[in-house]
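One structure below.
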Amino acid sequence: MGPEPCALVSVLATEGSAPRGAGTRMLVTAEGQQGTIGGGQLEFRAVEQARAILGLPQGAWRIQDYPLGPLLGQCCGGRVRLLIEHVDPAALDWLHDAEPGRMLETVLHDGTISRTVFERETATRQSARGDRPDVGARFVEPVGERLRPVYLFGAGHVGQAIARHMTGLPLQLAWFDTRPEMAEIDGVTVMPEEEIAHCIEEAPADAAIAILTHDHPLDYHLTLAALSRDPVAFVGLIGSSTKIARFRSRLKADGIEEEALARLTTPIGVPGVVGKEPDVIAIAVLAQLLQLRGQ
1 MGPEPCALVS VLATEGSAPR GAGTRMLVTA EGQQGTIGGG QLEFRAVEQA
51 RAILGLPQGA WRIQDYPLGP LLGQCCGGRV RLLIEHVDPA ALDWLHDAEP
101 GRMLETVLHD GTISRTVFER ETATRQSARG DRPDVGARFV EPVGERLRPV
151 YLFGAGHVGQ AIARHMTGLP LQLAWFDTRP EMAEIDGVTV MPEEEIAHCI
201 EEAPADAAIA ILTHDHPLDY HLTLAALSRD PVAFVGLIGS STKIARFRSR
251 LKADGIEEEA LARLTTPIGV PGVVGKEPDV IAIAVLAQLL QLRGQ
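Reading the sequence shown from the start, the letters are residues 1 to 295 in UniProt numbering.
Take a look at the structure:
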């Protein structure tokens with residue numbers, strides 16, 4: 001009797017405040033599962049699809065898109081794109097080479113999936129929107145490393161530069177703005193101004209929060225929310241010395257204790273990097289976030 005048939009569910013891409021980031025996986029059998037992609041309705045539906053694919057030949061795969069929102073118990077919208085496959089035991093040789101620090105390449109073929117592990121390779125960025133990947137699609141991701149969630153507030157020039165330079169880094173983007181026109185930018189979730197602070201409440205403890213919106217009152221609202229909740233790995237705020245001084249004074253008046261205030265990194269970015277160009281600021285910010293690695 002051969003191994004029990006199982007399906008593998010992989011998170012390919014996310015947008016907004018997703019319960020788990022790209023690279024998260026779980027195994028599903030006819031009667032059980034190992035691992036989780038975040039629980040709730042999203043996982044329930046993914047398990048249904050995984051068990052359905054067990055009725056197809058080994059190697060069979062499909063890609064499913066799920067909008068996040070009230071239907072799936074996520075208030076901060078966004079999307080999740082999943083790869084669901086009937087595991088072929090004969091195609092698992094790559095597991096012998098899958099060690100932390102290496103890169104995993106996945107290629108979709110007609111009726112099967114091939115995987116190869118490389119010592120050096122650049123990770124690819126996947127989108128949770130647009131046409132679903134089809135035969136010939138190729139994904140590259142790091143092996144054995146949880147990507148740090150980065151909750152980025154603001155889709156202006158600096159926000160766009162940060163998102164652009166994040167490709168290939170061990171960071172998982174959750175990107176928000178309040179302006180309807182920003183919904184056209186791949187990766188941006190537009191939230192009403194009165195609800196956007198809830199996205200900070202949804203951020204996991206290992207998240208980095210970067211606040212750089214187009215609006216000073218909105219920046220303050222988000223900073224207050226970030227410092228009022230349980231600590232996260234990083235809270236960064238862009239701004240001039242005048243803005244920062246004014247914010248610190250207001251935060252104290254609004255009841256933020258010195259211990260919480262000390263968690264605020266502002267101005268954001270690695271000290272000593274000079275320049276106001278969006279790409280310069282973006283690289284300084286991302287370098288600062290990479291310094292969190294291992295913490």
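For each residue, glycine too, the CB sits at the ideal point set by N, CA and C.
**Message:** Considering only the alpha carbon of each residue, which of Val11, Gly59 and Pro3 lies closest to valine 172?
**Reply:** Per the sequence shown, the amino acid found at residue 172 is glutamine instead of valine. Among Val11, Gly59 and Pro3, the Cα nearest to that of glutamine 172 belongs to Val11.
**Asked** Can you give the beta carbon distance from proline 5 to leucine 42, rounded, assuming they're within the 8 Å contact cut?
**Response** So it is not a contact: roughly 23 Å between Cβ atoms.
**Any 3 or more C-beta pairs closer than 8 Å across the segment 220 to 233 and the segment 42 to 57** = Short answer: they don't touch.
**Asked** Counting Cβ pairs closer than 8 Å, one from the segment 158 to 170 and one from the segment 276 to 294, do we hit at least three?
**Response** Contact holds between the segment 158 to 170 and the segment 276 to 294, because three or more Cβ pairs, one in each stretch, are under 8 Å apart.
**Asked** Does the separation of the CB atoms of threonine 124 and phenylalanine 139 fall below 7 Å?
**Response** The Cβ atoms of threonine 124 and phenylalanine 139 lie closer than 7 Å to each other.
**Prompt:** First and last residue of the beta strand (DSSP E) that includes alanine 208?
**Reply:** Element bounds for alanine 208: 208 to 211.
**Request:** Check aspartate 219 in the structure and name its three-state DSSP category.
**Result:** The answer is helix: DSSP assigns aspartate 219 an H, G or I state.
**Request:** State the DSSP-derived secondary structure class of arginine 120, mapped to helix, strand or coil.
**Result:** Three-state result, arginine 120: coil.
**Item:** Secondary structure of aspartate 65, DSSP reduced to three states
**Value:** Aspartate 65 falls in the strand class under three-state DSSP.
**Message:** Nearest by alpha-carbon distance to valine 87: which of Arg62, Gly78 and Asp230 is it?
**Reply:** Between valine 87 and the set Arg62, Gly78 and Asp230, the nearest pair of CA atoms involves Arg62.
**Request:** Give the C-beta separation of arginine 79 and arginine 129 to the nearest angstrom, bearing in mind that I take them to be a contact with Cβ-Cβ under 8 Å.
**Result:** In this structure arginine 79 touches arginine 129 by the C-beta definition: roughly 6 Å separates them, less than 8 Å.
**Message:** For the pair the segment 260 to 267 and the segment 225 to 243, tell me if three or more CB-CB distances fall below 8 Å.
**Reply:** Output reads yes: the segment 225 to 243 touches the segment 260 to 267.
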